[in-house]
Amino acid sequence: MAAAPEASPQGSALTGVIALLGAATLIGFAPIFVKLSDLGPQAIAFWRLVFALPALALWLAIERRGATTAPKRPDRRAMVLAGVFFSLDLAFWHAGIKITTAANATLLANLAPVIVTAGAWLIFKQRPSWGFAGAAVLALGGAMLLSLVNVEIAPERLPGDALSAMTAVWYAAYLLAIHAARRGASTPRVMLWSTAVATPFALAFTLGFGEPLLPATPAGWLPLIALGVIVHAGGQGGVAFGLGRVPAPLASLIILFQPVVAACAGWIIFGEALTALQIAGAGLVLAGVYIAQRLRVRGAVRAARERGAQAS
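Going by my numbering, the letters in the sequence shown line up with residues 369 to 680, in that order.
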């Protein structure tokens with residue numbers, strides 16, 4: 369892995385925040401590409417991973433060519449677990465969305481930051497402040513408002529709702545595993561390993577659900593390639609990069625910017641109207657993310673001043 373220049377903790381964290389916002393923007397286009405595909409959801413997930421692999425391999429090769437120091441010893445267990453968790457995240461999300469509504473699935477999947485925050489506290493000793501908790505409630509409330517307008521409560525939806533709730537668990541576990549893996553490995557290495565592990569699982573789920581594996585037309589490959597290169601390699605790769613510089617709870621909160629992008633993209637591309645409730649929700653998400661980041665910066669500055677005072 370190439371040696372990085374020395375940077376201040378604030379500068380490093382800011383780079384991570386910018387990367388996460390960019391990543392959330394790219395991931396926000398995932399529903400658009402999924403709608404443009406004529407394949408079933410499990411097959412879409414499989415091809416997304418397949419087309420991401422060459423892009424990630426190229427990224428890793430470029431990084432190694434410019435490396436000036438030997439790479440750290442990677443945590444292979446964390447990288448493998450990340451792949452397993454991500455394959456389960458995709459499978460449960462796509463299976464749940466077939467039984468319940470997209471709004472229900474999105475609402476429940478957005479609970480991931482709660483699980484990430486609890487997991488980071490227990491595993492990495494990253495205890496959240498009361499200020500961060502308030503910002504998280506604000507952002508989570510906004511994310512829920514974005515999908516609440518279309519939520520349906522019905523007994524026949526409960527199995528799908530349960531699968532969607534498990535999606536939040538698997539995605540939270542994936543983020544925590546990526547966060548652990550990034551402590552000893554570069555972004556492209558972590559992404560290539562986790563994607564390679566997830567791919568055979570995605571193929572097994574596709575075959576198990578009996579979905580057609582190939583698109584009906586040559587044009588059907590285009591949204592699949594976009595999902596692999598733009599959403600997975602670019603979007604999830606940006607998430608992995610950010611998780612190497614930003615605490616996992618803050619990273620999971622920033623990713624809530626994704627449904628804001630998805631809602632805006634749906635409005636622009638498909639003419640899906642935004643209600644006043646959804647616009648308010650988007651505003652709350654942005655406010656929560658901004659407050660959480662400002663609290664993070666203030667905490668870093670305060671810690672730096674305390675270290676300076678102790679040194680003098």
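Even glycine gets a Cβ: it sits at the ideal position worked out from N, Cα and C.
From a predicted model like this one, the values you see are computed outputs, not experimental measurements.
Three-state secondary structure assigned by DSSP to residue i
i	result
E431	helix
T643	coil
L652	helix
L323	Absent from the structure is residue 323, since the part of the chain shown begins at 369 and ends at 680.
R662	helix
F454	helix
S554	coil
A570	helix
F577	coil
G509	helix
Q494	coil
P377	In this predicted model, P377 has a pLDDT of only 49, less than 50, meaning its place in the structure is not dependable enough to derive any value.
G605	helix
T563	helix
V614	coil
D529	helix
L479	coil
V385	helix
T585	coil
G396	coil
L407	coil
A372	Caution applies to A372, whose pLDDT of 37 falls short of 50 and renders its modelled position unreliable; the value that the coordinates give is listed next. DSSP places A372 in coil when its eight states are reduced to three.
8 Å contact criterion, which residue i and residue j should meet: CB distance rounded
i	j	result
F397	V599	6 Å
L458	A570	6 Å
A464	S532	The question names Ala, but residue 464 is Gly in the sequence shown. Their Cβ separation, rounded to whole angstroms, is 4 Å, which keeps G464 and S532 in contact under 8 Å.
V597	A425	With a Cβ gap of about 12 Å, V597 and A425 do not count as contacting.
A553	D443	7 Å
I467	G408	Not a contact, Cβ separation roughly 14 Å.
W538	F460	6 Å
Cβ-Cβ distance between residue i and residue j below 8 Å
i	j	result
A540	V452	no
T383	A477	no
V558	A564	no
L514	G602	no
A630	P399	yes
L595	R416	yes
L428	L560	yes
Spatial neighbours of residue i in its chain, beta-carbon cut-off 7 Å, leaving aside the 5 residues before and after
i	result
F454	Y542, S562, A566
T555	G605, A608, F609, G612
A545	A446, L449, A450, F453
I622	V385, L388, L389, A392, V657
R664	A381, L618
A574	Per the sequence shown, residue 574 should be read as Thr rather than Ala. So the list reads Q410, A411, F414, L581, once near-sequence residues are dropped.
H462	P409, Q410, A413
Q494	A488, P615, A616, P617
I637	I400
Sequence-distant residues of the same chain with beta carbon closer than 8 Å to residue i, five excluded per side
i	result
A486	none
G651	G510
S620	A480, P481, V484, T485, A540, L543
A504	P481, V482, T485, P496, P617, L621, G656, A660
Same chain only: Cβ atoms within 6 Å of residue i, ignoring 5 sequence neighbours per side
i	result
L581	A411
V628	A650, V653
A584	D406
L624	A507, A511, V653
R551	none
E579	G408, Q410, A411
Q626	A392, I395, G396
P496	T485, P617
H547	L611, A616
I647	none
Any non-hydrogen atom of the ligand ZN within 7 Å of residue i CB
i	result
A619	Ligands in the displayed structure: none, and consequently the ligand ZN is not present.
Inset, instruction - May I ask you to verify whether the stretch 651–663 touches the stretch 486–500, counting CB pairs closer than 8 Å and requiring at least 3? - result: With a cut-off of 8 Å on Cβ pairs, the stretch 651–663 is in contact with the stretch 486–500, counting three or more such pairs.
Legend entry - Touching by the beta-carbon criterion (3+ pairs, under 8 Å), the stretch 402–413 and the stretch 577–597: Three or more beta-carbon pairs drawn from the stretch 402–413 and the stretch 577–597 are found closer than 8 Å, and the two stretches are therefore classed as touching.
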